[in-house]
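Numbering-wise, our numbering puts 573 at position 553 of the sequence shown, and it's gapless, one number per residue. Ideal Cβ placement from N, Cα and C applies to all residues, glycine included. Note that the coordinates shown come from a computational prediction; the quantities given were computed from them, not determined experimentally.
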Amino acid sequence: MQSASDRHVYPAHWEADVVLRDGGTARIRPITVDDAERLVSFYEQVSDESKYYRFFAPYPRLSAKDVHRFTHHDFVDRVGLAATVGGEFIATVRYDRIGADGTPASAPADEAEVAFLVQDAHQGRGVASALLEHIAAVARERGIRRFAAEVLPGNTKMIKVFTDAGYTQKRSFEDGVVHLEFDLEPTDRSLAVQYGREQRAEARSVQRLLAPGSVAVIGVGRTPGGVGRGVLGNITDAGFTGRLYAVNKAFPKGLEEIDGVPAHRSVREIEEQVDLAVVAVPAEHVPEVVAECGAHGVQGLVVLAAGYAESGPEGRERQRALVRQARSYGMRIIGPNAFGVINTSQDVRLNASLAPEMPRPGRIGLFAQSGAIGIALLSRLHRRGGGVTGVTGVSTFVSSGNRADVSGNDVLQYWYDDPDTDVVLMYLESIGNPRKFTRLARRTAAAKPLVVVQGARHGGAAPQGHTVRVTRLPHATVSALLRQAGVIRVDTITELVDAGLLLARQPLPAGPRVAILGNSESLGLLTYDACLAEGLRPLPPLDLTTQASAADFHAALSHALADDACDAVVVTAIPAIGDASTGDAELAEALRSAAERVPGKPVLVVHVELGGLAEALSAAASTAPRTTTAPRGTVPRPHPVRPLDFPAEPPPGPDGDSAGAPRLIPAYPAAERAVRALGEAVKYAQWRREAADPGRVPEYDDIDEKGAARLIDRLLARGQGLTLGTDDTCELLGTYGVPVHRAMHAPTADAAVEAAEALGYPVALKATAPHLRHRSDLGGVRLDLADEEQLQRAYTELAELFGKPEEIRPVVQRMAPRGVDTVVRAVIDPAAGAVLSFGLAGAASQLLGDMAHRLVPVTDRDAASLVRAIRTAPLLFGWRGSAPVDTPALEELLLRVSRLVHDHPEVVAVTLEPVVVAAHGLSVLGASVRLAPPPARDDLGPRTLPAY
């Protein structure tokens, strides 16, 4: 909390950009003494009715005293925030700290009166709701725990803002005024409300970019060629359903159109509304274009120009200025250095990208941070989508470039409830906000598959142009955390497409049991081995022999699908030779008709150099485009096509499959690729089943949350960050029911004996110097010392082996029951958030890296799975005849540590090592805790866009 000496310091960390309900943006910042004219101008644009609701009386204008009061704040007891667009106020909120009698007060008073005023033209955009989130966060930071508000009964909009916020509240009516009181502590409902508003707002902001009613391409060349002219042609060729304009300030006066598109020298000359501007001018001219777009009311920008953060420090500053400028007008940006956006919906048909061809319509949402990878993905989906699996293509495509503003998180918000997207594929080179990404991914994956490949995994740094938080976690840990959020993690774009095509048009498998059938024994055995390598449970392969007919395949597939012991089927096929061989079209139809009879089980085909079957599987669906045969020895190049040439897939029916759509069977050129995709589908299906019951975070009666908070405040008063001493560590952990075995320092042999007598024999003698701690393999630990003689001898041996007592720092500790030594850690990572880790102590975790991780807060199901996730887990459950240990006690310890870190963000690191888990109970023999001031804002705080 601020002291009197610094209470007037401007709190810059309260500044934030937010997305409003309609998808536009606004900036929220503290009101200062320099805002007097803005406040007066704002108030003049508010209706008399809104003024009456604010002041409970006619109040046509603000007096000089009012202006002074509403612009002079101490940022502790009196705070005002404003929402601005274009630098001008559109709404304000303020609080004044009050005492129990309702009069102005200072700390420790923890209640404040709050009041809003929103310009009429901006009411209904969710401005007041966003301001409430931010003023509540500010109040909590300043020690205020409760808001009070008085509202006239007729001001139903403001009453709804308060009641819908989800806080615990009281409501009363007296003297014709509604009196509201509500606690500011976030609740499950308030967080759900906040996340719901965030999703709708950010989804709407992306929708405005992907489904505009009108587009202006700025930077269209006067002669053929160039980026702007190319994009204009791509939009035209795609059959965009909205209005299209070509803009270039160098156009000669009197030019009315170019390539059949209305031409203008400036966006300001366009009389109609422009929803989206595609900016294809050099970086030095972009600020002028952005200013014109903002003044004209353009809603969003796709900036294709390079020369920004990817080019170095000067470009990075240029990028920051671009984002600040666009947001000041309420616009969002895709890019800069973007490849563009595509929407294949028949109602939109937008190809505002550098891709010369419109991809096939389909139900796959595609996001790529890299333009080159975006091209590769579109190309592969074009080939595989049309030549193998019918019309499984793209619904929408976003290539974000430097993703200075719109990121993968925003697009995930859009795809979450997009009815045209069934599967999400993402190529990410960096994750700007992993904590938010995992939250959004978990919610999205519960509704539709999310497949991610991450580039630059081992480069040690994000690509140029990507401003991201630096994580201290290894990539394997981040990958494991993403998988726990339901993300299907793959390593290559080939695997990305393979998994996406399977998930787009086949049901999820109910389990890992796989039937294998085909006309090649060798290919069947390869598939069998691949299944075992992926952790699947294959049934013995069924060899139909090379003479198998289409009817044989149909019968075998029908029998396998009807078998209750089978969850999925892989069909292997090789080319047949001879006049009596089965034709590709005949075989494809046989497989499709058999699969159609049992729609609940996935079917995959492995074919070897069998292009005819791949195309026949597509043709069997009767919806794929016809292809021409290329001359022998040449590689056919797809011809440019209009979207009408490829019928879009119908929307999914109640069972998740497209109503009335043919069963599209994905085909793969190698058994390993097919089985790897199937393995990912099996693991994802298992996650979906488990996610339906995520468990709960248990409550423990002996946890003293308030006592821990008081202790943390007292300890942090000593400095900004500190590692606690032994006594403070034990006291803090004790408030959460985590007792630590007392260890007594033994600087001399006599002190060791005194400690042992105080603790009681048998005891352990340990060297705790950093180079010897937890290194029993070096001989720095002596156990089961039963009396003074053994202790004296052990003390002498340690001194002879490792040096003087002051060098080895010996301690004496009472012996704990024998068991398995484990380690429990929790850390606050600046990018991923709070992470709980578990493993066996010693070589397993230190040498082999055998640690499992979960995001905090951990549920009871998470704790149980965490214990079982490490490779050495059998040692806890009676491996080779040993006694099983008390895993329920271990799971409870994990839950208590999780609660401590979650309840108190000041606890940035906890290590319990070793934790000896015995047959009954456990003993924490060593512990360390590190504290630091909590971050000003986190993912539990008010919704904001990344700062620039």
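Exercise. Pairing CB atoms from the region 709-725 with CB atoms from the region 741-748, are three or more of them under 8 Å?
Worked result: With contact defined as three or more Cβ pairs closer than 8 Å, the region 709-725 and the region 741-748 are not in contact.
Exercise. Is the region 851-862 touching the region 870-883 in the sense that three or more CB pairs, one from each, lie closer than 8 Å?
Worked result: In short, these stretches touch, since the Cβ pair count reaches three.
For this session: Rounded to whole angstroms, what's the CA-CA distance from Ile451 to Leu965? Just pull it up for me.
Result: Taking the sequence shown and counting its residues from 1, the one referred to as residue 451 is at position 431. Taking the sequence shown and counting its residues from 1, the one referred to as residue 965 is at position 945. About 14 Å.
Exercise. How would you call Tyr720, buried or exposed, if buried means at least 16 neighbouring beta carbons within 10 angstroms?
Worked result: Position 700 of the sequence shown holds residue 720. Label assigned to Tyr720: exposed.
For this session: Determine the direct distance from the alpha carbon of Ala967 to that of Arg162, and round the result to whole angstroms.
Result: Taking the sequence shown and counting its residues from 1, the one referred to as residue 162 is at position 142. Taking the sequence shown and counting its residues from 1, the one referred to as residue 967 is at position 947. Their backbone Cα atoms lie some 22 Å apart in a straight line.
For this session: Can you check the region 709-766 for any alpha helix (DSSP H) of at least 4 residues that lies completely inside it and give the ranges in chain order?
Result: Listed in chain order, the complete alpha helix (DSSP H) runs (minimum 4 residues) inside the region 709-766 are 725-736, 746-754.
For this session: Could you spell out where the beta strand (DSSP E) holding Thr45 opens and where it closes?
Result: Counting from 1 along the sequence shown, the entry for residue 45 is found at position 25. Its beta strand (DSSP E) spans residues 45-50.
Exercise. Which word fits Gln433, buried or exposed, when buried means at least 16 other C-beta atoms lie within 10 angstroms of its C-beta?
Worked result: One-based indexing of the sequence shown puts residue 433 at position 413. So Gln433 counts as buried.
Exercise. Among the residues of its own chain, which have a CB less than 7 Å from the CB of Asp442, if the five just before and after it don't count?
Worked result: Within the sequence shown, numbered from 1, the residue matching residue 442 stands at position 422. Around Asp442: Arg383, Lys468, Ala524, Pro672.
Exercise. Does the region 414-423 come close enough to the region 500-512 to have 3 or more Cβ pairs within less than 8 Å?
Worked result: Cβ pair count under 8 Å is below three, so no.
Exercise. Ends of the alpha helix (DSSP H) at Gln339?
Worked result: Counted from its first residue, the sequence shown places residue 339 at position 319. DSSP places Gln339 inside the alpha helix (DSSP H), whose first and last residues are 333-348.
Problem set entry | Own chain, CB closer than 7 Å to Ala819, minus 5 neighbours either side, in chain order | Position 799 of the sequence shown holds residue 819. Cβ neighbours of Ala819 beyond the five flanking positions: Pro825.
Problem set entry | Residue interval of the alpha helix (DSSP H) (run including Gln189) | Indexing the sequence shown from 1 puts residue 189 at position 169. Run containing Gln189: none in the alpha helix (DSSP H); it sits in the beta strand (DSSP E), 189-194.
Exercise. Three-state secondary structure (DSSP) at Ala372?
Worked result: As a first step, residue 372 must be located in the sequence shown, where it is residue number 352. DSSP places Ala372 in strand when its eight states are reduced to three.
Exercise. Are the Cβ atoms of Val876 and Val949 separated by less than 8 Å?
Worked result: Counting from one through the sequence shown, the residue named residue 876 turns up at place 856. Counting from one through the sequence shown, the residue named residue 949 turns up at place 929. Contact: no.
Exercise. Hey, quick one: how far does the alpha helix (DSSP H) through Ala505 stretch, first residue to last?
Worked result: Along the sequence shown, read from residue 1 onward, the residue named residue 505 stands at position 485. Careful: Ala505 lies outside any alpha helix (DSSP H) and carries neither H nor E.
Problem set entry | Alpha carbon of Arg89 to alpha carbon of Ala46, nearest angstrom | On the sequence shown, position 69 is the one that residue 89 refers to. On the sequence shown, position 26 is the one that residue 46 refers to. When only Cα atoms are considered, Arg89 and Ala46 end up about 24 Å apart.
Exercise. In whole angstroms, what separates the C-alpha of Pro595 from that of Pro686?
Worked result: As a first step, residue 595 is located in the sequence shown; it is residue number 575 there, counting from the start. As a first step, residue 686 is located in the sequence shown; it is residue number 666 there, counting from the start. When rounded, the distance between both Cα atoms is 18 Å.
Problem set entry | Close-in-space but distant-in-sequence residues of the same chain around Glu926 (CB under 7 Å, 5 per side omitted) | For the purposes of this step, residue 926 is taken as the residue at position 906 of the sequence shown. Ile732, Leu736, Leu951, Ala952, Pro953, Pro954.
Problem set entry | Cβ shell of Arg98 (< 6 Å), same chain only, five flanking positions each side left out | Taking the sequence shown and counting its residues from 1, one reaches residue 98 at position 78. Shown here for Arg98: same chain residues with a beta carbon closer than 6 Å to its own, the five before and five after excluded, namely Asp116 in chain order.
Exercise. Among all the DSSP beta bridges, which residues are the ones paired with His873?
Worked result: The residue labelled residue 873 in the question sits at position 853 within the sequence shown. Ser857.
Problem set entry | Burial state of Lys273 (16 or more Cβ within 10 Å) | As a first step, residue 273 is located in the sequence shown; it is residue number 253 there, counting from the start. Here Lys273 is exposed, its C-beta having fewer than 16 other C-beta atoms within 10 Å.
For this session: Mind checking who Pro830 pairs with in its DSSP beta bridge?
Result: Along the sequence shown, read from residue 1 onward, the residue named residue 830 stands at position 810. Ala787, per the DSSP bridge assignment.
Exercise. Any idea if Arg49 is buried or exposed, counting beta-carbon neighbours within 10 angstroms, 16 or more meaning buried?
Worked result: Here residue 49 refers to the residue found at position 29 when the sequence shown is read from its first residue. Its Cβ being crowded by 16 or more others within 10 Å, Arg49 is buried.
Exercise. Can you tell me the Cα-Cα spacing of Pro124 and Met446, whole angstroms?
Worked result: Residue 124 sits at position 104 when you count from the first residue of the sequence shown. Residue 446 sits at position 426 when you count from the first residue of the sequence shown. Going by C-alpha positions, Pro124 is about 53 Å away from Met446.
Exercise. Between Leu460 and Ala814, what straight-line distance do the alpha-carbon atoms span, to the nearest angstrom?
Worked result: For this step, residue 460 is matched to residue 440 along the sequence shown. For this step, residue 814 is matched to residue 794 along the sequence shown. Distance between the alpha carbons of Leu460 and Ala814: 56 Å.
Problem set entry | 6 Å CB neighbourhood of Ala697 in its chain, flanking five on each side removed | Within the sequence shown, numbered from 1, the residue matching residue 697 stands at position 677. Shown here for Ala697: same chain residues with a beta carbon closer than 6 Å to its own, the five before and five after excluded, namely Asp518, Ala519, Leu522 in chain order.
Problem set entry | For His284, the three-state DSSP class (helix, strand or coil) | Along the sequence shown, read from residue 1 onward, the residue named residue 284 stands at position 264. Here His284 carries a strand assignment [DSSP, helix/strand/coil].
For this session: Please list the segments of the alpha helix (DSSP H) lying wholly inside the region 163-218, counting only runs of 4 or more residues, in order along the chain.
Result: Whole alpha helix (DSSP H) segments, 4+ residues: 176-183.
For this session: Could you check how far apart the C-beta atoms of Phe167 and Ala132 are, in whole angstroms? I think they sit under 8 Å.
Result: For the purposes of this step, residue 167 is taken as the residue at position 147 of the sequence shown. For the purposes of this step, residue 132 is taken as the residue at position 112 of the sequence shown. About 6 Å; that satisfies the 8 Å criterion.
Exercise. Start and end of the alpha helix (DSSP H) containing Phe75?
Worked result: Translated into positions along the sequence shown, residue 75 becomes position 55. Unbroken alpha helix (DSSP H) run through Phe75: 68-75.
Problem set entry | Same chain only: Cβ atoms within 6 Å of Val628, ignoring 5 sequence neighbours per side | Position 608 of the sequence shown holds residue 628. Correct list, in chain order: Ile594.
Problem set entry | Cβ pair count under 8 Å reaching 3, the region 367-384 against the region 247-267 | Pairwise C-beta distances place the region 367-384 in contact with the region 247-267, as three or more of them are shorter than 8 Å.
Exercise. Straight-line CA distance for Val661 to Met378?
Worked result: Along the sequence shown, one-based indexing puts residue 661 at 641. Along the sequence shown, one-based indexing puts residue 378 at 358. Its pLDDT being 30, under 50, Val661 is placed unreliably in this model, and the coordinates cannot settle the point.
For this session: Can you grab the Cα-Cα spacing for the pair Asp140 / Ser61, in whole Å?
Result: Taking the sequence shown and counting its residues from 1, one reaches residue 140 at position 120. Taking the sequence shown and counting its residues from 1, one reaches residue 61 at position 41. Those two C-alpha atoms are separated by around 14 Å.
Problem set entry | Exposure of Arg455, with buried meaning 16 or more beta-carbon neighbours within 10 Å | As a working note, residue 455 is residue 435 in the sequence shown. Arg455 is buried by the Cβ-count criterion.
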